[in-house]
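Numbering (the working numbering), first residue to last: 39 to 339. We put the CB at the ideal spot given by N, CA and C, even for glycine. What follows is one structure encoded as structure tokens, with my remarks underneath.
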């Protein structure tokens with residue numbers, strides 16, 4: 039395949055289409071997938087990424103984002119970024135630095151401000167109403183309680199792969215909490231000589247499994263994307279007691295995809311050999327089952 043892009047959740051459909059359009063026009067993978075992620079970040083209909091992101095227990099919407107260039111293995115990331123439009127754009131800019139590639143909190147915000155990134159209050163009226171309804175009655179955090187991370191893995195016509203991830207993290211998380219999404223090797227990883235992977239799920243478990251690097255390493259050892267994803271899911275299910283919800287998207291250097299999940303998981307894929315399709319993945323009999331679906335076939339964004 040000349041180009042390909044895979045992304046998590048039905049909410050990535052529009053962004054995936056944009057990335058595919060750009061890749062088909064010979065745009066570089068990094069530029070294409072950052073545009074795709076940004077479309078998700080800007081859409082208030084999705085209450086887990088960017089604008090209308092889910093707040094922490096103090097009512098602050100803090101965002102995490104990560105970016106990796108598979109040619110150079112350069113990484114940029116932000117954690118607990120508040121008051122700015124697009125964590126993925128800030129993360130991508132940070133990947134250009136020789137030092138200080140991962141910034142959090144006030145440091146990330148100062149960097150974004152000094153570099154001219156657009157400021158925005160990401161708390162929408164609907165998100166604030168939800169926060170007021172829930173803030174005094176939540177006894178415990180719940181996995182996949184509407185906090186769906188968006189991950190994009192893209193391959194371009196030049197043979198380059200890149201990964202991009204954005205999320206607001208757990209609803210009612212502790213202030214300062216950062217999950218796997220901005221951590222290279224856990225929430226995302228890309229190596230143009232092998233492939234790339236991204237993860238959505240409970241960040242604490244994804245970090246424990248170094249999931250994305252684990253998957254890419256298996257492809258380096260000769261597994262197909264699907265074999266690498268399923269094998270990783272089986273290993274983590276055996277190794278981590280009570281493994282919570284987790285889904286993995288994978289793309290190899292040829293543009294072939296693989297997906298593994300232990301829950302009901304929609305994802306989107308497109309390439310120069312395959313028009314954009316929405317798929318549903320489920321875990322059955324110790325392996326992932328994937329089928330093409332229509333948007334109305336699932337309620338999950």
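Quick one: Cα of residue i to Cα of residue j, how far?
i	j	result
residue 192	residue 200	6 Å
residue 171	residue 194	45 Å
residue 67	residue 228	11 Å
residue 230	residue 111	9 Å
residue 285	residue 271	9 Å
residue 140	residue 338	31 Å
residue 335	residue 242	30 Å
residue 169	residue 323	38 Å
Quick one: what's residue i bridged to in DSSP?
i	result
residue 297	287
residue 44	191 and 307
residue 330	317
residue 322	325
residue 137	Bridge partners of residue 137: none, in fact.
residue 257	Partner(s): none; residue 257 has no beta bridge.
residue 150	DSSP, once it has assigned bridges, lists no residue as partnering residue 150.
residue 119	101
residue 96	Bridge partners of residue 96: none, in fact.
residue 199	193
residue 79	Answer by DSSP bridge pairing: none, since residue 79 is not bridged.
Which same chain residues, not among the five before or five after residue i, have their C-beta less than 8 Å away from its C-beta?
i	result
residue 181	Any reading at residue 181 is ruled out, since the residue's pLDDT is 46, under 50, leaving its predicted position unreliable.
residue 158	89, 121, 122 and 123
Excluding five sequence neighbours on each side, which residues of the same chain lie with their C-beta closer than 7 Å to the C-beta of residue i?
i	result
residue 258	232
residue 57	43, 70, 71, 73, 74, 190 and 192
residue 167	none
Candidates the options: which alpha carbon is nearest residue i's?
i	options	result
residue 90	225, 252 and 209	209
residue 316	151, 113 and 307	307
residue 125	142, 211, 321 and 323	142
residue 213	55, 96 and 78	96
residue 84	207, 152 and 251	207
Can you tell me whether residue i is helix, strand or coil according to DSSP?
i	result
residue 165	helix
residue 281	coil
residue 268	helix
residue 251	helix
residue 73	helix
residue 237	strand
residue 110	coil
residue 8	Residue coverage of the chain in this structure runs from 39 to 339, which leaves residue 8 outside it and unanswerable.
residue 229	strand
residue 204	strand
Taking 7 Å as the cut-off, is the CB of residue i close to at least one heavy atom of the ligand GDP?
i	result
residue 207	Because no ligand of any kind appears in the structure shown, any question about the ligand GDP cannot be addressed here.
Which same chain residues, not among the five before or five after residue i, have their C-beta less than 6 Å away from its C-beta?
i	result
residue 311	39
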